[in-house]
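*Asks:* In the numbering used here, the protein residues as written are 13 to 534.
Questions regarding the structure given below will be posed in turn.
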Ligand code: C2O
Ligand code: CU
């Protein structure tokens with residue numbers, strides 16, 4: 013019912029011809045999902061004291077066990093080696109690390125979602141050259157949650173992140189522990205960090221990144237879907253509750269996620285978003301996940317029988333690229349003749365495909381109740397709060413924020429320390445969806461206006477909001493023609509004024525300058 017449906021426009025319904033590792037055919041899903049262990053690649057590291065992190069050119073077997081060039085953060089702790097470690101740290105703890113750039117090009121690490129002083133935030137302005145070092149020292153003040161870290165090298169973010177420089181940064185606290193205890197969840201077994209990415213490979217199974225003009229303009233899309241770097245992945249599960257900490261670590265692809273058995277969408281509970289647990293779990297059958305965003309979900313495998321398969325699937329959606337007047341587009345795009353549907357990927361944006369197969373095996377049926385209350389979320393008071401306009405548009409072949417393109421030392425606007433503001437982010441109706449990310453401060457989605465049908469149809473939470481908008485956020489998807497209002501509290505305890513970034517997390521857009529600095533006054 014959901015495959016090849018005609019619910020959306022013709023472009024997304026066009027059949028995709030099978031190719032090796034295509035994520036469409038269920039029978040392709042034969043590779044065991046990579047699950048992080050306690051060392052090695054993506055090993056979970058309980059941060060204990062200062063460390064040296066080396067950004068290195070390494071290799072990693074992705075397709076057919078074929079080793080592929082890959083960039084990795086390497087570090088050691090207590091005699092154990094880690095590559096792209098999943099850091100786990102208690103809220104309130106000090107984090108100290110030195111980044112050693114062993115790449116032949118500049119780099120820097122940004123801690124996505126963390127509230128740090130600007131100097132520790134890892135911004136393009138902090139990019140260090142080959143052979144240089146950068147010292148990080150900050151207190152992790154965020155609440156428990158699924159955060160992440162990745163390169164933010166000036167104009168090299170897309171390429172370096174795609175080639176490997178990214179991993180999770182898990183913050184623990186009482187709420188997180190209480191939940192995992194109540195549901196008998198164990199990290200790396202039934203509590204699974206799951207990064208979803210799309211990449212391309214050459215005939216020898218080596219990772220490739222060669223964006224053409226369209227890819228650079230619209231964002232680079234892969235045609236192999238990776239779950240924890242596993243193509244066509246499956247996971248054996250028993251009829252109990254599983255927690256998946258979903259991270260969209262893709263450069264540009266948006267996912268519309270659902271758990272599907274046969275033609276039926278199954279229920280799952282969203283328990284958290286970017287900045288930790290929601291106040292209460294929310295049951296749903298689908299949720300959008302844009303680049304940079306996280307969704308913490310609990311899925312009850314008991315909805316299927318042993319022997320059955322459930323697919324974590326990305327459903328078809330209308331990408332809304334390049335809508336509106338063709339005349340407008342022609343004018344804006346000059347000789348390019350429009351942008352929609354022109355990606356060189358075999359798997360267009362908005363296509364339907366599988367991400368992960370859950371193979372249900374025999375096991376004890378265990379379904380503890382989800383706690384009715386997961387955490388406390390203080391709603392930012394927005395009565396009489398000033399609104400700031402953030403307008404996304406396109407000009408001169410690139411996407412702009414308030415008509416600007418990124419300049420390293422230009423501050424686009426200033427906000428007062430301790431002020432609460434509403435940012436009214438409006439996307440032009442001709443263009444494409446943009447996942448907008450703010451450094452330094454988590455925010456709350458207040459309202460969605462003029463949303464497309466695929467959003468408004470699932471806006472069950474008042475003021476046009478969907479399940480992906482709840483809780484504390486650091487990244488929010490804004491569709492063409494849509495306006496999203498967010499509330500931000502600019503209180504901070506850092507000394508002096510602090511400048512941070514607002515940018516699109518479509519990494520090709522970011523590198524092309526869809527980014528501005530803003531300053532929070534002293
Ligand atoms: Cu995850 Cu400035 O980015
Ligand atoms: Cu964008």
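Idealized CB from N, CA, C, for every residue including glycine.
Do the stretch 219 to 237 and the stretch 189 to 198 make contact, defined as three or more Cβ pairs closer than 8 Å?
*Replies:* no
*Asks:* Measure the C-alpha to C-alpha separation of residue 412 and residue 136 and round it to an integer number of angstroms.
*Replies:* When only Cα atoms are considered, residue 412 and residue 136 end up about 18 Å apart.
*Asks:* Considering only the alpha carbon of each residue, which of 292, 419, 202 and 164 lies closest to residue 473?
*Replies:* 292
*Asks:* At the level of alpha carbons, what is the spacing between residue 345 and residue 229?
*Replies:* For residue 345, the predicted model reports a pLDDT of 41, less than 50, meaning its position is unreliable; a value from the coordinates is still stated below. Taking the straight line from one Cα to the other gives about 10 Å.
*Asks:* Please state the DSSP three-state secondary structure of residue 126.
*Replies:* coil
*Asks:* Leaving out the 5 sequence neighbours to the left and right, which residues in its chain are closer than 7 Å to residue 129 when beta-carbon positions are compared?
*Replies:* Contacts found: 150, 506 and 510.
*Asks:* Starting from residue 527, follow its DSSP beta bridges and name the residues at the other end.
*Replies:* 515
*Asks:* Pick from 386, 236 and 438: whose alpha carbon is nearest that of residue 360?
*Replies:* 236
*Asks:* Taking only three categories from DSSP, how would you classify residue 439?
*Replies:* strand
*Asks:* Three or more C-beta pairs under 8 Å: does that hold for the stretch 84 to 99 against the stretch 38 to 56?
*Replies:* yes
*Asks:* Can you tell me which of the three DSSP states residue 458 falls into?
*Replies:* strand
*Asks:* Quick check on the burial criterion: 16 or more other C-beta atoms within 10 angstroms. Buried or exposed for residue 425?
*Replies:* exposed
*Asks:* Leaving out five residues on either side along the sequence, give the residues of the same chain with a beta carbon under 8 Å from the beta carbon of residue 31.
*Replies:* 235 and 358
*Asks:* Got a sec? Which residues, its chain only, sit under 7 Å from residue 525 by beta carbon, not counting five neighbours each side?
*Replies:* 410, 417 and 418
*Asks:* Tell me which same chain residues have a C-beta within less than 8 Å of the C-beta of residue 482, skipping the five on either side of it?
*Replies:* 282, 285, 290, 294, 457 and 473
*Asks:* Based on the DSSP secondary-structure assignment, which residues constitute the bridge partners of residue 428?
*Replies:* None; residue 428 has no bridge partner.
*Asks:* Straight-line CA distance for residue 464 to residue 495?
*Replies:* Their backbone Cα atoms lie some 11 Å apart in a straight line.
*Asks:* Answer yes or no: the CB of residue 420 versus the heavy atoms of the ligand CU, is any distance below 7 Å?
*Replies:* no
*Asks:* Would you check if there are 3 or more beta carbon pairs closer than 8 Å linking the stretch 113 to 122 to the stretch 60 to 75?
*Replies:* Taking 8 Å as the limit for Cβ pairs, the verdict is that the stretch 60 to 75 does touch the stretch 113 to 122.
*Asks:* Can you give the beta carbon distance from residue 433 to residue 530, rounded, assuming they're within the 8 Å contact cut?
*Replies:* With 8 Å as the limit, residue 433 and residue 530 do not qualify as a contact, their Cβ atoms being about 10 Å apart.
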